[in-house]
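Counting from 24, one number per residue, gives the positions in the sequence shown under this note's numbering. A virtual CB, placed ideally from N, CA and C, is assigned to each residue, including glycine. Notes follow the structure.
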Amino acid sequence: MLLKSILEPYAILNCLEAILKNELGMNSLIVASGDNIRVDYPIIRLDLKTQPEGNEHLFGKRYDAFIIEVDPKMKVNEIVNYFEKQASFYRTAKFIFVGNAFSETFRKELASNLIRNVIFLNNANLEISTYFPYRRKSLQNIDTDLQLIGHCTKTGFNISDKWKSTTLFLDNIPEKWNNSTLKVLPFYHVPYTVCKNCENRGIEIKMMDNILKILNITPNYTELHSHLTEEAKYDLSTSQVILGTGFMLFHGFRHTVAYTGDDVIWIVGTPSPIPKWKYIYKAFSINVWAFCIFILILVSFTWYAVNAVFIHQKHVIHLLKKPFLILNLFLEQSADLNRTFISQFVVLTIIIIFTFLINAFYKSRFTYLLTGSGLNYENGVETYNDIMKHELKTGYYPDQLEFFSNNPNFLNYMTKHFYNCQLGDPFICTNRTAFIKDIAVLRFRKAARFYLYTYFTDPETGKPLIREVQPVVQFHSMSLNVLDGHPIFLSVDKILRNFTEHGILNYIMHKYDELHYLNFETVNTKKITFSDMSGVFMFCINALLISTLVFALERRFGSRN
Numbered sequence: 024m025l026l027k028s029i030l031e032p033y034a035i036l037n038c039l040e041a042i043l044k045n046e047l048g049m050n051s052l053i054v055a056s057g058d059n060i061r062v063d064y065p066i067i068r069l070d071l072k073t074q075p076e077g078n079e080h081l082f083g084k085r086y087d088a089f090i091i092e093v094d095p096k097m098k099v100n101e102i103v104n105y106f107e108k109q110a111s112f113y114r115t116a117k118f119i120f121v122g123n124a125f126s127e128t129f130r131k132e133l134a135s136n137l138i139r140n141v142i143f144l145n146n147a148n149l150e151i152s153t154y155f156p157y158r159r160k161s162l163q164n165i166d167t168d169l170q171l172i173g174h175c176t177k178t179g180f181n182i183s184d185k186w187k188s189t190t191l192f193l194d195n196i197p198e199k200w201n202n203s204t205l206k207v208l209p210f211y212h213v214p215y216t217v218c219k220n221c222e223n224r225g226i227e228i229k230m231m232d233n234i235l236k237i238l239n240i241t242p243n244y245t246e247l248h249s250h251l252t253e254e255a256k257y258d259l260s261t262s263q264v265i266l267g268t269g270f271m272l273f274h275g276f277r278h279t280v281a282y283t284g285d286d287v288i289w290i291v292g293t294p295s296p297i298p299k300w301k302y303i304y305k306a307f308s309i310n311v312w313a314f315c316i317f318i319l320i321l322v323s324f325t326w327y328a329v330n331a332v333f334i335h336q337k338h339v340i341h342l343l344k345k346p347f348l349i350l351n352l353f354l355e356q357s358a359d360l361n362r363t364f365i366s367q368f369v370v371l372t373i374i375i376i377f378t379f380l381i382n383a384f385y386k387s388r389f390t391y392l393l394t395g396s397g398l399n400y401e402n403g404v405e406t407y408n409d410i411m412k413h414e415l416k417t418g419y420y421p422d423q424l425e426f427f428s429n430n431p432n433f434l435n436y437m438t439k440h441f442y443n444c445q446l447g448d449p450f451i452c453t454n455r456t457a458f459i460k461d462i463a464v465l466r467f468r469k470a471a472r473f474y475l476y477t478y479f480t481d482p483e484t485g486k487p488l489i490r491e492v493q494p495v496v497q498f499h500s501m502s503l504n505v506l507d508g509h510p511i512f513l514s515v516d517k518i519l520r521n522f523t524e525h526g527i528l529n530y531i532m533h534k535y536d537e538l539h540y541l542n543f544e545t546v547n548t549k550k551i552t553f554s555d556m557s558g559v560f561m562f563c564i565n566a567l568l569i570s571t572l573v574f575a576l577e578r579r580f581g582s583r584n
């Protein structure tokens with residue numbers, strides 16, 4: 024046991040406290056597990072024998088160090104699985120293992136779990152040692168030999184003359200590797216990742232090739248959909264994926280620095296074009312047509328009333344003729360507009376100006392629609408509310424739900440109408456969007472435009488089969504993903520930063536920027552609305568009021584033109 028030191032019962036504990044004081048500050052978050060780990064230092068105590076409970080990042084930060092008393096029957100995988108369930112755990116923290124022996128199997132398990140910042144305190148001989156898994160500069164040929172750092176004493180510890188560092192935790196990671204391969208998982212979303220065996224492989228695969236070439240590592244591109252769970256998590260123990268492309272952050276991976284970004288948008292099917300004969304009535308909205316009819320009836324009655332009083336045309340047939348005379352003017356045909364009195368002149372002036380304005384608005388919109396401007400769709404999906412109104416299914420990746428946390432109504436709709444889009448295969452849902460048109464899919468804008476030009480354009484008409492819904496959901500940064508704790512993370516991140524600063528990324532991306540992307544921001548048929556015509560209608564109403572006043576004055580005083 025820990026307290027049965029061959030030299031001094033408290034030697035290991037004193038040594039441990041000295042190490043903590045030398046290597047960690049008082050504000051560090053330190054986790055201790057073991058009945059005999061009793062140090063005069065602020066620690067968080069956890070019992071590996073109890074069921075762990077998940078937690079958020081404690082105090083907004085991760086654990087800095089772990090002190091673990093090793094039992095001969097203890098397995099590293101069990102230790103890691105225990106701590107992994109807590110959000111504050113990460114593999115690059117400092118680990119201090121205390122025990123009587125640390126077998127080669129134990130050290131190999133540590134290395135396979137990417138735990139490398141390690142100190143071993145041997146309770147039997149008071150030795151302080153460590154190991155350097157990547158001493159041979161190989162990711163496959165791991166070195167688990169122990170290297171002596173020093174010895175524990177009654178008051179602290181002594182460092183060996185052969186130890187050439189002032190710190191006990193020495194993260195000895197090579198800048199270049201030898202005879203190493205790396206399993207890489209491309210997440211296909213063009214133009215970022217196109218095809219691992221094609222000439223145009225994609226921005227991220229091209230970057231990955233260059234980065235790993237600098238590190239002297241051979242990439243092994245793979246596909247491991249079978250290891251993906253419904254929660255978008257990979258079983259790392261079976262997949263062995265180290266490096267990943269794509270915007271998604273899978274469980275156990277870390278993002279590198281962002282190298283670019285793209286808008287996340289909803290993609291829906293383009294509605295069918297409306298027949299051109301429908302433009303006859305679709306140039307105006309329903310409200311405009313209704314108000315035009317109302318003005319037509321009102322002006323007809325006013326005209327009829329003036330004529331009935333001054334020229335005694337009181338028969339109902341004269342009332343029925345008035346709308347047709349006004350329609351003749353609207354259609355630029357001749358019409359009998361006899362006038363004798365001032366009231367007649369005012370009313371006819373209103374009619375002529377009104378029909379001229381309506382005719383001008385109508386012909387301009389009708390001609391615009393008829394010329395094939397592309398704005399020839401109806402009942403399209405323009406907003407989130409339209410997605411719900413048309414009861415479309417929703418295709419998205421699980422982690423994208425957080426984009427809509429501030430819109431609970433739409434978030435609830437998405438979860439109820441979820442359609443499972445297989446990860447890594449963009450055509451599963453995009454095909455359905457373009458041809459069946461019963462689903463809205465979340466996609467990156469550049470990727471969607473690439474799909475549009477390459478696959479989803481009508482070969483006969485050249486019209487797009489998919490379209491964008493406004494507004495943009497979110498701007499998303501693009502980065503690479505590295506298995507948390509893996510020794511290449513800092514190197515990949517550093518090289519990516521250098522690529523960005525020195526314009527190498529711009530050079531790589533330029534080739535893909537030159538690919539032709541067809542604009543697919545089609546909209547519904549734009550009708551002239553009531554707000555567009557409000558000035559015309561206000562003029563007509565005011566003019567009719569003036570004509571009524573003129574009519575009353577002329578009736579009162581009997582003046583003639």
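- Burial is judged here by how many other beta carbons sit within 10 angstroms of a residue's own beta carbon; Gly48 has fewer than 16 and is exposed.
- Taking a contact to require three or more Cβ pairs closer than 8 Å, the region 137 to 152 and the region 33 to 43 qualify as touching.
- With contacts defined as CB atoms closer than 8 Å, Thr204 and Thr245 fail to qualify as a contacting pair.
- Taking C-beta atoms under 8 Å as the contact rule, Lys117 and Glu46 qualify, at a distance of about 7 Å.
- Taken atom to atom, the span from the alpha-carbon of Val329 to that of Thr390 is near 37 Å.
- DSSP, reduced to helix, strand and coil, places Phe479 outside both helices and strands of the structure shown, so it counts as coil.
- The C-alpha of Pro487 lies about 6 Å from the C-alpha of Asp481.
- For the region 128 to 208, the full-length beta strand (DSSP E) segments reaching 3 residues or more read 141 to 145, 150 to 154, 169 to 175, 180 to 182 and 203 to 208 along the chain.
- With respect to the 8 Å criterion, Leu503 and Thr279 are classified as neighbours on the basis of their beta carbons.
- In the structure shown, Arg455 adopts helical secondary structure according to DSSP, grouped into three states.
- DSSP, reduced to helix, strand and coil, places His499 within a strand of the structure shown.
- Rounded to the nearest whole angstrom, the C-alpha separation of Asn195 and Lys534 is 38 Å.
- In this structure, Ile66 and Val54 form a Cβ contact; the two beta carbons are roughly 7 Å apart against a cut-off of 8 Å.
- Phe155 and Phe276 have their alpha carbons spaced roughly 23 Å apart.
- Cβ neighbours of Leu69 within its own chain (closer than 7 Å, five residues either side excluded): Val54 and Ser56.
- For Tyr244, the uninterrupted beta strand (DSSP E) run begins and ends at Ile240 to Tyr244, by DSSP.
- Boundaries cannot be given for Val404, as no alpha helix (DSSP H) includes it and DSSP labels it neither H nor E.
- Exclusion of the five residues before and after Leu238 leaves Lys199, Trp200, Ile511 and Ser514 as the residues of its chain whose Cβ lies within less than 7 Å of its Cβ.
- Straight across, the Cα-Cα distance linking Lys345 with Tyr327 is about 7 Å.
- Non-local C-beta neighbours of Phe129 in its own chain, meaning closer than 7 Å and more than five positions away in sequence, comprise Val99, ordered along the chain.
- Annotation: Ser56 is outside any alpha helix (DSSP H); the continuous beta strand (DSSP E) that includes it extends over Ile53 to Ser56.
- The Cβ-Cβ distance between Arg388 and Ala306 falls below 8 Å.
- Here Ala88 is buried. Its C-beta has 16 or more other C-beta atoms within 10 Å.
- Straight across, the Cα-Cα distance linking Tyr105 with Met532 is about 42 Å.
- Counting C-beta pairs with one atom in each stretch, the region 520 to 527 and the region 211 to 221 have fewer than three that are closer than 8 Å, which means they do not touch.
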